[in-house]
Amino acid sequence: MTLVAASAVPSVKAARAWRARPGLMIAGALAFCAIVYLLPMLSLFGWAFQGQGSSGASLAQLSRLIGDDTYHYAFFTTFKIAAITTLICALIGYPYAYLMATTGPRLAMLLTAAVMIPFWTSVLARSLAWMILLGRKGVVNEWLTGLGLLERPAALLFNSIGVQIGMVHVLLPFMVLPIWSILSRLDPGLPRAARSLGASPAAAFIHVTLPLSLPGLAAGATLVFMFAIGFYITPALLGGPNDLTIASLIEMVVRDLLDWPFGAMLSLALLGLVALVFACGAAFAGAGRIAGMEGR
Amino acid sequence: MGASLQINGLGKSYGPSQAVASVSLDIAAGEFVSLLGASGSGKTTTLMMIAGFTPPDAGEIVLDGQPITHLPPERRGIGVVFQNYALFPHMNVARNVGFPLKMRRVSAADTARRVAEALARVGLAGLGERLPAQLSGGQQQRVALARALVYEPGLLLMDEPLGALDRSLRETMKTEIRRLHRQLGITIVYVTHDQEEALTLSDRIALMDRGRIVQIGSASDLYERPANAFVAGFIGESTMIGGKVVRDGEAGQALLPATGGPPLPARPGGLREGAEATFLLRPEKASLSAADAPGSGLRATVQDIVYVGEISRLTLRLDGGPELTIKQPNRADAYQAKIGEAVKIGWAPDDAVLLAA
Amino acid sequence: MTDRSGLSRRSILLGGAGASLTIASPFVHVTPARADKGEIVVAGWGGSRTTAMREVMFTPFEKATGIRVRDDGPPEAAKVKAMVDSGNVTWDILDTDIPAILAMVNAKLLEPIDYSKLDKAKLGKIPPVLHHPYGLGHLIYSFNIVYNTKAFPNGTQPKTWADVWDGVKFKGARSFPFRGGLSPQLEFAAIADGVPADKVYPLDIERAWASHDKLRPLVTKWYANHAEAIQLLSSGEIDICCTIGPRGLVAKKEGAPIDVEFAGGKLAPDNWAIVKGSRNAEAVYQFLNFVIDGKVQAELAKRIPYGPSSQDAFAHLSEAEAKELNTSPDNLAKQFWTDIDWWGKTAENGKTNNENQIERYARWMVKRG
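One line per chain: the protein sequences are A, B and C, in this order.
Every position in the first sequence, counted from 1, becomes a number in this note's numbering once 11 is added.
Every position in the second sequence, counted from 1, becomes a number in this note's numbering once 17 is added.
Every position in the third sequence, counted from 1, becomes a number in this note's numbering once 428 is added.
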């Protein structure tokens, strides 16, 4: 969405012309969307279902996808990694967002900065930083062994632990921000009212704060899950052979095997699954909240 | 079933600013007491300390003989109605009202019965399935009341409960609150910045200013016998004139205005002759007559007349002295003056008050 | 089998529907203006490699002929496909490896090289194994045993692939390439299992895979690009690595605790290839004749430690310089050439061995996890 907005910023003079004819502006925006989003999607469909030779449609790629369980495993791995990441992000992100929303302004600023700053550095750089920190001779293991907590360095890298550390780090803001957004706007009088009515702090949280913040949690979980599914730099750098994601295989099929029809089919399958996740999340949290377009 | 409440020397500071400074109150069971004051006067902080949301720095709170100063809010058993009602938006009306019973592990059957009773009591029978967002402001207010009363607390705290309602609804709700108070015999501490609300609802009013109680007493105490110029100025309209206390007749006293003019007779207070004082006269206490009418009175000129329905508000200048505001009923048997007219003004000395400056 | 696949030059896909973006990006490729008659475009790998080429090849060639040389890249097959399919070809010459060439030949993206237009004498100095119909080998990379010298000081390093496969005698973390279009290192697997280096081809695929299975538990990291591999080696995360020897030498020169064991290495060429639809044939062959010269190649080898394909280059290099190059006569004798024909051969299913083994590699990795 931001892309459309940014690219559609016309000059002042042009803006006047646009304003005179709002229909033109809408048509322009639609055309832009059609070219940038719809055409590539259509070509994806074209490749995925093109028949052998010159004419006709074919389900060959689909049946290949259905028949080859390598890709099923990769889909499964991808969804498993994404689900675990989402769970960890929720377990860390919710208390974090809660603290952000309820603490004093100075600490809240600090917490916001702490979660946002890594957000602005490249995924590649962050993944490489984790490699330095988590390695066999990395800082973390040097400390743990230096303090005598471990005899031998722990395997924190090139396995699912490394993948999760890296992915949670990258994706945590997407969990924290929607939850924080809801919690910060939650009337502090509500948990207070619950307390006055006889609820312990825990009961007030369970019966009032938590249910009212569930849409934020659902929005965060949907975002994290969707992003996690498309991830591949982090699993590639920090993961082991068990962390091979579908995005990596799509890349291999498209770039190295030049098998675009099958790559298109894989992409469509992934896209369909992501859309399904989004639909589930939207049913629970509202599409606007997930897309970050909710009114304040 | 009302509970008594004692507050002794309650204090609360936020950094260098003192929100509440040594507030003491002794409220009898079943009494209706308003904390009246402008915003920042410490009334809400006092209420929040009673409710248990704000820990006091000093002092003690005793409910029905039990010290509750350090109890968490949920163990005080006090009902609270919040300014914006604080209804749980994800629960329907019945679940909102049933919430305190659920927290008290009341059985489902009992809960249903008591919720229905509570809703009937506030005139919302049959609306249990609605969500708060589907109710009008007045209905939400009633739900909040029902929820705060369903577990039969001995003390009900209300924080500006009518602030969000329009004028006519406010009147209805005032009647409703008085009725509930009478029926249930519950003790109510009511925070408001609206003097009319405080005057009409309360048994006693504690007027607060800068974290302290300036005066506590019945509505007529505060109106007729204000402890100082602040109280007099806060409650009702009044003319206040500074000057010196002088003798008036044998036992009476009057105030000689600093601006000059005739001495203004007033009820003798405890003030020495010659002391600096403020003369206070409520505008409805004075009567107006033609300049040549018989009887005593002070001569004055009408400066301005504002017609406001049942009365007109007149600004008068005493000959050689200060201005006074009076209210004159718009009745045929009351003297109707004109702007610029010379008139005579009089009042019973007992209706005017001398306050230490 | 390529030197330079890596995350760094992959299209970034971190957007919402990431996967669809990956596919879409090659087609929104923006094409620069078409080269005019006096210009050729060489698509290479950028970085120090292109800088060195500019210095010893492009600039001297421009001076000698007046034909401008522009560099662009990276020469990914997917980009070439997008160009050729859209009929808007802006590249003339590619600098790329055999697997990429085979994939592009399959997709009909390359012109065959007309060897009759090349200088017979210069060509004669380049081993015939490097005269591929669609690519002329000019710069030789090799997969070698690259190791951390702190883990294996004073010549204690594994010296054969059987050593690398032996986790008892040679303790330490291994790393092998995976992803990025790299074929599995089946030759090494076969050799480790006892197949003599000169009898590796035609590969006994099943025997090689069985041996490859034994490698799996020894490998700590299946790395995705060679820069990563070198980084892991120099930080000590990895002790033994199967990666590009010349890259190990670059790191060694920069002071990293890394050295290269040339014994058992597998040699493969980077090649000059001509894009289908290139309209500067004359200039292209002029360029090729210029850059296959032994002296030019020697100059390049002094700047980047990849082996020159022309044996004539060693006439222009000192003995010390030659020792560190994988194509010096001594080192050449210790290694074997990748059999391009075997990897390019079409199997029963219509795909090349290369394609089939890349796919099988992914399958092996995914399912055995």
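Don't be surprised by glycine CBs; every beta carbon is placed ideally from N, CA and C.
- Task: Could you tell me whether any Cβ in chain A is nearer than 8 angstroms to the Cβ of Thr459/C?
- Result: Locating residue 459/C in the third sequence gives position 31, where the first residue counts as 1. Model confidence at Thr459/C stands at a pLDDT of 43, short of 50, so the residue's coordinates are unreliable; what they give is reported in the following sentence. Not closer than 8 angstroms to any Cβ of chain A, the Cβ of Thr459/C fails to qualify, so no.
- Contacts that Leu223/A makes with chain B (C-beta to C-beta distance below 9 angstroms): The residue labelled residue 223/A in the question sits at position 212 within the first sequence. The answer, in chain order, is Phe105, Pro106, His107.
- Using a Cβ-Cβ cut-off of less than 9 angstroms, list which residues of the stretch 144-176 of chain A approach chain C; keep chain order. Gly146, Arg147, Lys148, Gly149, Ala166, Leu168, Phe169
- Message: Within 8 angstroms, do at least three Cβ pairs link the stretch 650-658 of chain C to the stretch 539-552 of chain C?
- Response: no
- From Asn572/C to Gln613/C, what distance separates their C-alpha atoms? Counted from its first residue, the third sequence places residue 572/C at position 144. Counted from its first residue, the third sequence places residue 613/C at position 185. Taking the straight line from one Cα to the other gives about 11 angstroms.
- Which chain B residues are close to Ser211/A, counting only those with a beta carbon under 7 angstroms from its beta carbon? Position 200 of the first sequence, counting from 1, holds the residue named residue 211/A. The contacting residues are Glu91.
- Use the C-beta contact count for Ala232/A: other C-beta atoms within 10 angstroms, 16 or more gives buried, fewer gives exposed. In the first sequence, the residue the question calls residue 232/A occupies position 221. Ala232/A comes out buried.
- Mind pulling the chain A residues with CB within less than 7 angstroms of Ala68/B? Residue numbering aside, residue 68/B sits at position 51 when the second sequence is read from its first letter. Going along chain A in sequence order, the residues near Ala68/B (Cβ under 7 angstroms) are Ser207.
- Can a CB atom of chain B be found closer than 8 angstroms to the CB of Ala296/A? Your numbering for residue 296/A matches position 285 in the first sequence. Not closer than 8 angstroms to any Cβ of chain B, the Cβ of Ala296/A fails to qualify, so no.
- Query: According to DSSP, what are the bridge partners of Ala209/B?
  - Reply: Stepping through the second sequence from its first residue, residue 209/B is reached at position 192. In the sequence as displayed, the identity of residue 209/B is Thr instead of Ala. Bridge partners of Thr209/B: Leu53/B.
- Say whether chain C places a C-beta atom closer than 8 angstroms to the C-beta of Leu268/A. By one-based count along the first sequence, residue 268/A stands at place 257. Output row for Leu268/A: interface = yes.
- Item | Nearest-angstrom Cα separation, counted from Lys91/A out to Ala296/A | Here the question's residue 296/A lines up with position 285 in the first sequence. Here the question's residue 91/A lines up with position 80 in the first sequence. Whole-angstrom Cα-Cα distance: 22 angstroms.
- Given that a residue counts as buried once 16 or more other Cβ atoms are within 10 Å of its Cβ, and exposed if not, what is Glu634/C? Numbered from its first residue, the third sequence carries residue 634/C at position 206. So Glu634/C counts as exposed.
- So, does the CB of Leu228/A fall closer than 8 angstroms to a CB anywhere in chain B? Your numbering for residue 228/A matches position 217 in the first sequence. No, Leu228/A does not count as interfacial toward chain B.
- Task: Kindly say whether Lys578/C, judged by its beta-carbon, lies nearer than 8 angstroms to any beta-carbon of chain A.
- Result: As a working mapping, residue 578/C is identified with position 150 in the third sequence. So no, Lys578/C is outside the interface.
- Beta carbon of Gln725/C, beta carbon of His560/C: below 8 angstroms? Sequence index remark: in the third sequence, residue 725/C carries index 297 (1-based). Sequence index remark: in the third sequence, residue 560/C carries index 132 (1-based). No; because the gap between Cβ atoms is not below 8 angstroms, this pair is not in contact.
- Are the C-beta of Pro117/B and some C-beta of chain A separated by less than 8 angstroms? Numbered from 1 along the second sequence, position 100 holds the residue referred to as residue 117/B. Pro117/B counts as touching chain A.
- Query: If we call anything under 8 angstroms between Cβ atoms a contact, is Val174/A one with Arg137/A?
  - Reply: Your numbering for residue 174/A matches position 163 in the first sequence. Your numbering for residue 137/A matches position 126 in the first sequence. Not a contact, by the Cβ cut-off of 8 angstroms.
- Message: With three or more beta-carbon pairs closer than 8 angstroms as the criterion, would you say the stretch 753-769 of chain C touches the stretch 43-63 of chain A?
- Response: no
- Message: List, in chain order, every chain B residue whose beta-carbon is nearer than 8 angstroms to that of Val187/A.
- Response: The sequence position of residue 187/A within the first sequence is 176, counting from 1. What Val187/A touches in chain B: nothing, since even the nearest Cβ is about 22 angstroms away.
- Task: Compare the Cα-Cα distances from Ala93/A to each of Pro199/A, Ala85/A, Met237/A and report the closest residue.
- Result: Stepping through the first sequence from its first residue, residue 93/A is reached at position 82. It is Met237/A.
- Query: Under a CB-based cut-off of 8 angstroms, is Ala232/A close to chain B?
  - Reply: As a working mapping, residue 232/A is identified with position 221 in the first sequence. Output row for Ala232/A: interface = no.
- Task: Identify the continuous alpha helix (DSSP H) that holds Phe295/A and give its terminal residues.
- Result: Residue 295/A sits at position 284 when you count from the first residue of the first sequence. From DSSP, the alpha helix (DSSP H) with Phe295/A extends over 271-296.
- Asn170/A lies in the beta strand (DSSP E); which residues open and close that run? In the first sequence, residue 170/A corresponds to position 159, counting from 1. Here Asn170/A belongs to no beta strand (DSSP E), and DSSP marks it neither H nor E.
- Message: I'd like to know whether the C-beta atoms of Leu182/B and Ala163/B end up nearer to each other than 8 angstroms.
- Response: Residue 182/B sits at position 165 when you count from the first residue of the second sequence. Residue 163/B sits at position 146 when you count from the first residue of the second sequence. Against a cut-off of 8 angstroms, the Cβ pair of Ala163/B and Leu182/B comes out as no contact.
- Task: Thinking Val231/B and Leu64/B are a contact (beta carbons under 8 angstroms), I'd like their distance in whole angstroms, please.
- Result: Here the question's residue 231/B lines up with position 214 in the second sequence. Here the question's residue 64/B lines up with position 47 in the second sequence. In fact, because the Cβ distance is near 17 angstroms, the residues do not count as touching under 8 angstroms.
- Query: If you measure beta-carbon to beta-carbon, which residues of the stretch 186-210 of chain B are closer than 7 angstroms to chain A?
  - Reply: none
- Expressed to the nearest angstrom, what Euclidean distance is found between the alpha-carbon atoms of Lys548/C and Cys670/C? Within the third sequence, residue 548/C is the residue found at index 120, counting from 1. Within the third sequence, residue 670/C is the residue found at index 242, counting from 1. About 36 angstroms.
- Message: Quick check on Asn777/C: buried or exposed, where buried means 16 or more other Cβ atoms within 10 Å of its Cβ?
- Response: Reading the third sequence from its first residue, position 349 is the one you call residue 777/C. Flag for Asn777/C reads exposed.
- Through-space distance from Ser195/A to Phe604/C, alpha-carbon basis: Within the third sequence, the letter at position 176 stands for residue 604/C. Within the first sequence, the letter at position 184 stands for residue 195/A. Answer to the nearest angstrom: the Cα atoms are 49 angstroms apart.
- May I ask you to list the residues that DSSP assigns as paired with Lys261/B? Residue numbering aside, residue 261/B sits at position 244 when the second sequence is read from its first letter. DSSP, once it has assigned bridges, lists Leu273/B, Glu293/B as partnering Lys261/B.
- Message: Quick check on the DSSP output: the beta strand (DSSP E) that includes Asp523/C runs from which residue to which?
- Response: Taking the first residue of the third sequence as 1, we reach residue 523/C at position 95. Counting along the chain, the beta strand (DSSP E) containing Asp523/C begins and ends at 521-525.
- Assuming Ile222/B contacts Leu173/B under a Cβ cut-off of 8 angstroms, what Cβ separation, rounded to an integer in Å, is found between them? In the second sequence, residue 222/B corresponds to position 205, counting from 1. In the second sequence, residue 173/B corresponds to position 156, counting from 1. Actually they are not in contact, since the Cβ atoms of Ile222/B and Leu173/B sit about 17 angstroms apart, beyond 8 angstroms.
- Query: Can you tell me the Cα-Cα spacing of Leu537/C and Val470/C, whole angstroms?
  - Reply: Taking the third sequence and counting its residues from 1, one reaches residue 537/C at position 109. Taking the third sequence and counting its residues from 1, one reaches residue 470/C at position 42. Rounded to whole angstroms, Leu537/C to Val470/C spans 15 angstroms at the Cα level.
- Query: Measuring CB to CB, does Ala620/C end up less than 8 angstroms from Val592/C?
  - Reply: Here residue 620/C is taken as the residue at index 192 of the third sequence, counted from 1. Here residue 592/C is taken as the residue at index 164 of the third sequence, counted from 1. Yes; because the gap between Cβ atoms is below 8 angstroms, this pair is in contact.
- Rounded to the nearest angstrom, how far is the Cβ of Lys694/C from that of Glu747/C, given a contact under 8 angstroms? Counting from 1 along the third sequence, the entry for residue 694/C is found at position 266. Counting from 1 along the third sequence, the entry for residue 747/C is found at position 319. The Cβ separation is near 25 angstroms, so there is no contact.
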